[in-house]
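A.B. asks: Here the sequence shown is numbered in the UniProt record's numbering, starting from 1 and rising by one per residue. Have a look at this one.
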Amino acid sequence: MMMATNEGMKELVMVINRLQDAFSSTSTSLNLQLPMIAVVGGQSAGKSSVLEAVAGRDFLPRGTGIVTRRPLILQMIPNDEEYAEFLHLPNTQFTNFEEVRKEIVAATDKEAADKAISSKPINLRLYSPHVLQLTLVDLPGMTKVPVGNQPDNIEQLRNLLRIELDRVVSFRQIRDMVFEYIEPENTLILAVTPATEDLANSDALKLARQVDPNGERTIGVLTKLDLMDRGTDARAVLENKVFPLKRGYIGIVNRSQADIASGMDINAARNAEEEFFKRQQPYKDLYGSRKPHHPARPPSVTIFAQNMFTSSIDQF
Numbered sequence: 001m002m003m004a005t006n007e008g009m010k011e012l013v014m015v016i017n018r019l020q021d022a023f024s025s026t027s028t029s030l031n032l033q034l035p036m037i038a039v040v041g042g043q044s045a046g047k048s049s050v051l052e053a054v055a056g057r058d059f060l061p062r063g064t065g066i067v068t069r070r071p072l073i074l075q076m077i078p079n080d081e082e083y084a085e086f087l088h089l090p091n092t093q094f095t096n097f098e099e100v101r102k103e104i105v106a107a108t109d110k111e112a113a114d115k116a117i118s119s120k121p122i123n124l125r126l127y128s129p130h131v132l133q134l135t136l137v138d139l140p141g142m143t144k145v146p147v148g149n150q151p152d153n154i155e156q157l158r159n160l161l162r163i164e165l166d167r168v169v170s171f172r173q174i175r176d177m178v179f180e181y182i183e184p185e186n187t188l189i190l191a192v193t194p195a196t197e198d199l200a201n202s203d204a205l206k207l208a209r210q211v212d213p214n215g216e217r218t219i220g221v222l223t224k225l226d227l228m229d230r231g232t233d234a235r236a237v238l239e240n241k242v243f244p245l246k247r248g249y250i251g252i253v254n255r256s257q258a259d260i261a262s263g264m265d266i267n268a269a270r271n272a273e274e275e276f277f278k279r280q281q282p283y284k285d286l287y288g289s290r291k292p293h294h295p296a297r298p299p300s301v302t303i304f305a306q307n308m309f310t311s312s313i314d315q316f
């Protein structure tokens with residue numbers, strides 16, 4: 001297939017967005033695999049920070065335990081005016097993004113009460129002059145901690161075959177849901193791992209390797225670089241020398257809970273992150289080099305992801 005023009009690509013993405021909405025609204029099993037970017041990671045890996053950095057807006061629920069309990073399909077569309085729309089609330093525009101956050105919580109609780117999870121997605125469109133044309137899906141984080149009505153021994157829970165899915169949060173249920181989204185060849189994987197965690201224990205990379213063993217459609221995103229123990233750094237990982245991926249790794253610095261509580265917005269967080277990379281070794285050298293696979297602030301994650309997404313659509 002020949003490369004599409006910018007306008008042609010925008011039109012094609014809009015068609016794909018409409019198809020995703022249609023698929024989400026029907027229980028019919030369809031075999032068509034639509035291009036998207038799946039964001040995966042363990043609980044508290046920093047997925048929300050990555051998504052909000054890409055979107056340039058605070059709009060995701062935060063808290064303890066499993067916060068993402070339904071897949072969130074986020075369709076970002078460049079537009080002169082900034083607002084959000086939910087598929088389940090047609091003709092309702094949200095300009096207050098705190099209300100977007102509340103609606104995500106309400107829609108989640110309606111479909112998945114009592115801390116359960118549901119595979120039924122929430123479809124959200126974000127129109128903004130500050131976004132690139134992208135479609136991402138935020139998935140529940142992997143966890144081994146019992147929540148809600150879950151039995152005390154989650155390891156035994158993995159071996160049970162018949163579980164009331166709408167009442168139980170389990171490793172197996174979340175894993176199967178994640179696989180549903182990341183198995184298709186048209187899905188690109190943002191594998192989010194905190195830099196404070198041994199990469200060998202990364203839930204995101206373990207899942208990605210099962211469906212993408214050669215690392216051809218996986219981007220490693222390393223969060224919380226500023227929280228690593230003194231005397232340690234993630235240079236080898238960011239240089240793609242530890243668990244190599246074809247598309248490499250990008251490092252970011254998250255807002256802390258204290259930052260969020262104090263009202264630090266996305267732009268201020270980006271500026272603080274840039275200062276971190278400019279001051280802190282070894283990232284200072286890497287940041288200045290601008291070489292492939294070296295750390296960059298979140299907008300570079302956005303551009304990198306969009307290039308992958310565009311390539312995937314061109315082959316669709």
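Glycine residues also receive a C-beta, built at the ideal position from the N, C-alpha and C atoms.
1. Would the segment 220–236 and the segment 43–55 be scored as touching if the rule is three or more Cβ pairs under 8 Å?
2. How should residue 133 be labelled, buried or exposed, when 16 other C-beta atoms within 10 angstroms of its C-beta is the threshold for buried?
3. For residue 73, decide whether its Cβ has a neighbour in chain C, counting only Cβ atoms nearer than 8 Å.
4. Quick one: does the C-beta of residue 225 sit closer than 7 Å to a heavy atom of the ligand SAM?
5. Go to residue 173, then tell me how far its alpha helix (DSSP H) extends in each direction, as first and last residue.
6. Taking the beta carbon of residue 125 as the centre, do at least 16 other beta carbons fall within 10 Å, making it buried, or is it exposed?
7. Relative to the C-alpha of residue 53, which candidate in 282, 267, 272 has its C-alpha closest?
8. Apply the 10 Å Cβ neighbour rule to residue 161 and answer buried if 16 or more other Cβ atoms are within range, or exposed otherwise.
9. Determine the extent of the alpha helix (DSSP H) in which residue 104 is found, giving its start and end residues.
10. Beta carbon of residue 116, beta carbon of residue 69: below 8 Å?
11. On the three-state DSSP scale, how would you describe residue 277?
12. Since residue 204 is in the beta strand (DSSP E), which residue starts that stretch and which ends it?
13. How big is the Cα-Cα spacing for residue 204 and residue 236?
14. Looking only at C-alpha atoms, which of 196, 269, 277 sits nearest to residue 232?
15. For residue 41, count neighbouring C-beta atoms within 10 Å of its own C-beta (all shown protein chains included) and say buried if the count is 16 or more, exposed if not.
16. For residue 52, which three-state DSSP category applies?
17. With residue 192 as the anchor, note down where its beta strand (DSSP E) starts and where it stops.
18. If you run the structure through DSSP and keep just helix, strand and coil, what is residue 214?
19. Could you check what DSSP says for residue 237 in three-state terms: helix, strand or coil?
20. Quick one: using the 10 Å Cβ neighbour count with 16 as the cut-off for buried, is residue 298 buried or exposed?
21. Can you name the residues that DSSP bridges to residue 135?
22. When the distance is taken between beta carbons, is residue 137 closer than 8 Å to residue 183?
23. Within a Cβ cutoff of 8 Å, which residues of the same chain sit near residue 282, ignoring the five residues on either side of it in sequence?
24. Whole angstroms is fine: what's the gap from residue 240's alpha carbon to residue 50's?
25. Using only the alpha-carbon positions, how far apart do residue 39 and residue 193 sit?
26. Using the Cα positions of residue 249 and residue 238, report the straight-line distance between them to the nearest angstrom.
27. With distance defined between alpha-carbon atoms, name the residue in 243, 188, 245 nearest to residue 37.
28. Going by alpha carbons, who is nearest to residue 245 out of 271, 191, 201, 179?
29. Does DSSP put residue 37 in a helix, a strand or coil?
30. Cβ atoms of residue 107 and residue 122: under 8 Å apart, would you say?
31. Excluding the five sequence neighbours on either side, which residues of its own chain have a C-beta within less than 8 Å of the C-beta of residue 111, listed in chain order?
32. Would you kindly report the start and end of the unbroken beta strand (DSSP E) that includes residue 45?
33. Closer than 6 Å by C-beta to residue 74: which residues in its own chain qualify, once you throw out the five before and the five after it? Chain order, please.
C.D. replies: From the atom records:
1. yes
2. The residue you call residue 133 lines up with position 133 of the sequence shown. Classification for residue 133: buried.
3. In the structure shown, chain C does not exist; there is a single protein chain.
4. With respect to the ligand SAM, the structure shown offers nothing to examine, as it has no ligands at all.
5. The residue given as residue 173 occupies position 173 in the sequence shown. Taken as a continuous stretch (DSSP letters only), the alpha helix (DSSP H) holding residue 173 covers 171–182.
6. Position 125 of the sequence shown holds residue 125. Buried: at least 16 other Cβ atoms inside 10 Å.
7. As a working note, residue 53 is residue 53 in the sequence shown. Closest by C-alpha distance to residue 53, out of 282, 267, 272, is 267.
8. Taking the sequence shown and counting its residues from 1, the one referred to as residue 161 is at position 161. Low per-residue confidence applies at residue 161: pLDDT is 44, beneath 50, and the placement is therefore not dependable enough to give any value.
9. As a position in the sequence shown, residue 104 is number 104, starting the count at 1. Its alpha helix (DSSP H) spans residues 97–111.
10. By 1-based counting over the sequence shown, the position of residue 116 is 116. By 1-based counting over the sequence shown, the position of residue 69 is 69. In this structure, residue 116 places its C-beta atom within 8 Å of the C-beta atom of residue 69.
11. Here residue 277 is taken as the residue at index 277 of the sequence shown, counted from 1. Note: residue 277 maps to helix in three-state DSSP.
12. As a position in the sequence shown, residue 204 is number 204, starting the count at 1. Here residue 204 belongs to no beta strand (DSSP E); instead the alpha helix (DSSP H) covers 203–211.
13. As a working mapping, residue 204 is identified with position 204 in the sequence shown. As a working mapping, residue 236 is identified with position 236 in the sequence shown. Rounded to the nearest angstrom, the gap between the Cα atoms of residue 204 and residue 236 is 18 Å.
14. The residue labelled residue 232 in the question sits at position 232 within the sequence shown. When each option's Cα is compared against that of residue 232, the closest is 196.
15. Looking up residue 41 in the sequence shown gives position 41. Burial call: buried.
16. Position 52 of the sequence shown holds residue 52. Helix at residue 52.
17. Against the sequence shown, residue 192 aligns to sequence position 192. Segment 187–194, the beta strand (DSSP E) holding residue 192.
18. Position 214 of the sequence shown, counted from the start, is the residue given in the question as residue 214. Three-state result, residue 214: coil.
19. For the purposes of this step, residue 237 is identified with residue 237 of the sequence shown, where counting begins at 1. Residue 237 falls in the helix class under three-state DSSP.
20. Residue mapping note: residue 298 aligns to position 298 of the sequence shown, counting from 1. Its pLDDT being 41, under 50, residue 298 is placed unreliably in this model, and the coordinates cannot settle the point.
21. Here residue 135 corresponds to residue number 135 of the sequence shown, with the count starting at 1. Paired residue(s): 75.
22. Here residue 183 refers to the residue found at position 183 of the sequence shown. Here residue 137 refers to the residue found at position 137 of the sequence shown. It is not a contact, given that the beta carbons lie outside the stated cut-off.
23. The sequence position of residue 282 within the sequence shown is 282, counting from 1. 233, 235, listed in sequence order.
24. Your numbering for residue 240 matches position 240 in the sequence shown. Your numbering for residue 50 matches position 50 in the sequence shown. Distance between the alpha carbons of residue 240 and residue 50: 20 Å.
25. Taking the first residue of the sequence shown as position 1, residue 39 is located at position 39. Taking the first residue of the sequence shown as position 1, residue 193 is located at position 193. So the two alpha carbons sit approximately 11 Å from each other.
26. In the sequence shown, counting from the first residue as 1, residue 249 sits at position 249. In the sequence shown, counting from the first residue as 1, residue 238 sits at position 238. The alpha-carbon atoms of residue 249 and residue 238 are separated by roughly 5 Å.
27. Counted from its first residue, the sequence shown places residue 37 at position 37. Of 243, 188, 245, the residue nearest in Cα terms is 188.
28. Along the sequence shown, one-based indexing puts residue 245 at 245. Out of 271, 191, 201, 179, 191 has the C-alpha closest to the C-alpha of residue 245.
29. For the purposes of this step, residue 37 is taken as the residue at position 37 of the sequence shown. Strand, per DSSP.
30. One-based indexing of the sequence shown puts residue 122 at position 122. One-based indexing of the sequence shown puts residue 107 at position 107. Closer than 8 Å, so yes.
31. Numbered from its first residue, the sequence shown carries residue 111 at position 111. Cβ neighbours of residue 111 beyond the five flanking positions: 70, 118, 120.
32. For the purposes of this step, residue 45 is taken as the residue at position 45 of the sequence shown. From DSSP, residue 45 is part of no beta strand (DSSP E); its letter is neither H nor E.
33. Counting from 1 along the sequence shown, the entry for residue 74 is found at position 74. For residue 74, where only same-chain residues beyond five positions count, the Cβ hits under 6 Å are 124, 136.
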